[in-house]
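Chains as they are written, first to last, in this note's numbering: chain L, 4 to 450; chain A, 38 to 331. The C-beta atom is built at its ideal place from N, Cα and C for all residues, glycine as well.
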């Protein structure tokens, strides 16, 4: 293994192939980001499939294998396919996905027809066109790779130079048109860039999987950032890495097509990004969600206990605490979640166990529950009279914390609360002005 | 039946099954999912071979159906976790297909399965792979498999016609009516995978897409009624199979490729000349309107 690796690094042709796939990956990551954000990922798929008849026709006209002719043929038939796709959508009631699938499959079918025609003519697979289907980087020779690399560099330079214009076109085409950018021309240019990448990738990655080179690095990069310039760089890096990785693995294993290996490498990076990305990753999201769910459950349990306490308080009764079943009847919460919340509340000394599955609030818990209840009930009142207070725009604010409102409004809302009879009646110790204190209603009395 | 007859019958069966299933895909805007599943079926077939160590049709059908539904499931999963739907399809099918190709090149050497076969199918060999029970000649295996899948598809469509129809045209209303939309979705995906794998042997994984999308799209330009669309689509499928076969024999080229091209030609003709939705008729209608207002 190590010997083969050494021979790879020292072999001039392989070095060129590696440089070629690296540049190819870079270019496809870059341009793929724009295609992805413009929601045109699958156009790349259509172009790649549609390139096959172009390659075959180029072979039939030229009569021999020639990379530059192949690139021209593939580019022309790829652009023709895009043209057809757009015309079918525009001129009939057929939708985009059907149009793409239709053009893709018919062009590819025609390509297969031509391919069998060529193979019958030239006795066997001497034309080497078969390699275009799954990609065979190892079959590339020096001159081809240099051509591919040159085109890739050209595409990268164009993208970098027109970065600002393409960015505007992607995010706000109307504005771009408004400030006088030639959007039609730029759109055409983007299509040409996509066709360019697809075409130079065909020999290494293959017709069928080339679209993944545009999609997968870009979508993986999307997880790591919210900024286009960062996304483009990350996507380029992922593309380049997958390209090199796939090529290396394919040249060390006999008869292994390059394209699938490159794509599997890119997909693994995508999966890692999807799970572990710091902000948008599934793991972070899951943690955030479970934390949120716990917090909501905690508030619900406290408020429910408060409601029960209030009922007893008003009726001058002292019970034996409140049963877990009672809470569950009032709130949609699972028994395991409820018990988890209660025991963590017990640790915080907010609730106290008064018997088997019986609980009541502590003094400290009452203070906490009072504020939660007050806030929620104020919210109810606020929502009932939303139009009166619309100018405060509380709903736009993430926190929706009503206690942050101006003093005047707050008093108004509290007044309303009293009118509706929704004022929280059991007050915590320090707010308690001469009324019955909480501590389990201080031995009832007071009447 | 003659050699030619069996090939034509096989092609027609592919055309009918794919044509019928394809209509629903087009109406539900899931045509690219057909493209995706027709690729990933390869993984199902290779997987089924590696597990069962045989090339029996039934294992292939099961493997392909599982992977087909998995594809639909993964696409849905990625989509619901925030990936836009076109990219979700692109990522899922290319990666599963890539794994399929890698497995095929690692282990496929011992089997008659190879990548060319997977792509183009071997319709020319179909008549020789015959089914015999107790020494009675029953015709090619592929015809039986395709026939069975077609019958199954027809039964499912017959049983759930109303549900499929409503959930295709108006998913919100379907939900409101209590139709299990998700179940219908996966039912269709299952039908799609079965049809794809049954057709796989004859027209190849990739060209199934042509048979799934093109006849349906053609029918979509000719009628506004679902039942009529299904019939037209099946007819177009059969017509493409016949036309494709004769093109292929004249030029001595791939039969399945020619079928796709024939379907494309039929679509192009319809696109221009369809009496209701064609380019020509709409142009004439506009002209007439201009004359009237002038």
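Determine, using beta carbons only, whether residue i and residue j come nearer to each other than 9 Å.
i	j	result
residue 54/A	residue 236/A	yes
residue 259/L	residue 251/L	no
residue 183/A	residue 108/L	no
residue 138/A	residue 79/A	yes
residue 118/L	residue 55/L	yes
residue 249/A	residue 81/A	no
residue 239/L	residue 220/L	yes
residue 173/L	residue 37/L	yes
residue 27/L	residue 207/L	yes
residue 47/L	residue 213/L	yes
residue 245/L	residue 268/L	yes
residue 230/A	residue 135/A	no
residue 285/A	residue 295/A	yes
residue 255/A	residue 269/A	yes
residue 251/A	residue 280/A	no
residue 341/L	residue 304/L	yes
residue 239/A	residue 51/A	yes
residue 222/L	residue 228/L	no
residue 293/A	residue 259/A	no
residue 132/A	residue 261/L	no
residue 57/L	residue 39/L	no
residue 135/L	residue 217/L	no
Go through its chain and collect everything with a Cβ distance to residue i's Cβ below 8 Å, but skip five positions before and after it.
i	result
residue 72/L	61, 62, 64 and 65
residue 97/L	91 and 105
residue 25/L	243, 246 and 247
residue 218/A	204, 208, 211 and 212
residue 300/A	247, 248, 251, 252, 255, 273, 274, 277 and 281
residue 307/A	255, 258, 259 and 315
Whose C-beta lies closer than 6 Å to the C-beta of residue i among residues of the same chain, with five residues either side of it excluded?
i	result
residue 330/L	307
residue 122/A	116
residue 316/A	309
residue 302/L	375
residue 130/A	73, 76 and 77
residue 49/A	275 and 278
residue 51/L	201, 210, 213 and 214
residue 12/A	Absent from the structure is residue 12/A, since the part of chain A shown begins at 38 and ends at 331.
residue 70/A	none
residue 83/L	none
So residue i and residue j are in contact, right, with Cβ under 8 Å, and what is the actual spacing, rounded?
i	j	result
residue 159/L	residue 30/L	5 Å
residue 162/L	residue 171/L	The Cβ separation is near 14 Å, so there is no contact.
residue 155/L	residue 203/L	6 Å
residue 193/A	residue 224/A	7 Å
residue 141/A	residue 234/A	Contact doesn't hold; Cβ gap of about 15 Å is too wide.
Residues in its own chain within less than 7 Å of residue i by CB, not counting five upstream and five downstream?
i	result
residue 376/L	306, 309 and 427
residue 401/L	Any reading at residue 401/L must be qualified, since the residue scores a pLDDT of 49, below 50, and its modelled position is unreliable; the value itself is stated next. Within the same chain, residue 401/L has no close Cβ partners at all.
residue 361/L	323, 324, 325 and 326
residue 257/A	63 and 266
residue 152/L	22, 23 and 26
residue 41/L	173
Tell me, please, whether the CB atom of residue i is closer than 9 Å to any CB atom in chain B?
i	result
residue 230/L	Looking for chain B here will not work: the only protein chains present are L and A.
Per DSSP, which one or two residues make a beta bridge with residue i?
i	result
residue 1/L	The structure shown does not extend to residue 1/L, since chain L is modelled only from 4 through 450, so no value can be given for it.
residue 324/L	Bridge partners of residue 324/L: none, in fact.
residue 361/L	326/L and 358/L
residue 56/L	According to DSSP, which records beta bridges pairwise, residue 56/L is partnered with nothing at all.
residue 92/L	DSSP lists no partner for residue 92/L.
Positions along the segment 198-221 of chain A whose CB lies within less than 9 Å of some CB in chain L: none
Proximal residues, the segment 99-111 of chain L versus chain A, C-beta separation under 9 Å: 99, 100, 101, 102, 103, 104, 105, 106, 107, 108, 109, 110 and 111
Within 7 Å of chain A by C-beta, residues of the segment 15-33 of chain L in sequence order: none
Contacting positions in the segment 366-388 of chain L - beta carbon closer than 8 Å to chain A: none
Contact set between the segment 249-265 of chain L and chain A, restricted to residues whose Cβ is under 9 Å from the partner: 256, 258, 259, 260, 262, 263, 264 and 265
Interfacial residues, the segment 74-91 of chain A to chain L, with Cβ spacing under 8 Å: 76
Contact set between the segment 38-60 of chain A and chain L, restricted to residues whose Cβ is under 7 Å from the partner: none
Interface residues of the segment 234-246 of chain L facing chain A [CB-CB below 8 Å]: none
Where the segment 33-44 of chain L meets chain A: residues whose CB sits under 7 Å from a CB there: 39, 42 and 44
Where the segment 254-278 of chain A meets chain L: residues whose CB sits under 8 Å from a CB there: 254, 257 and 258
Contact residues within the segment 282-307 of chain L, judged by C-beta distance below 9 Å to chain A: 283, 285 and 288
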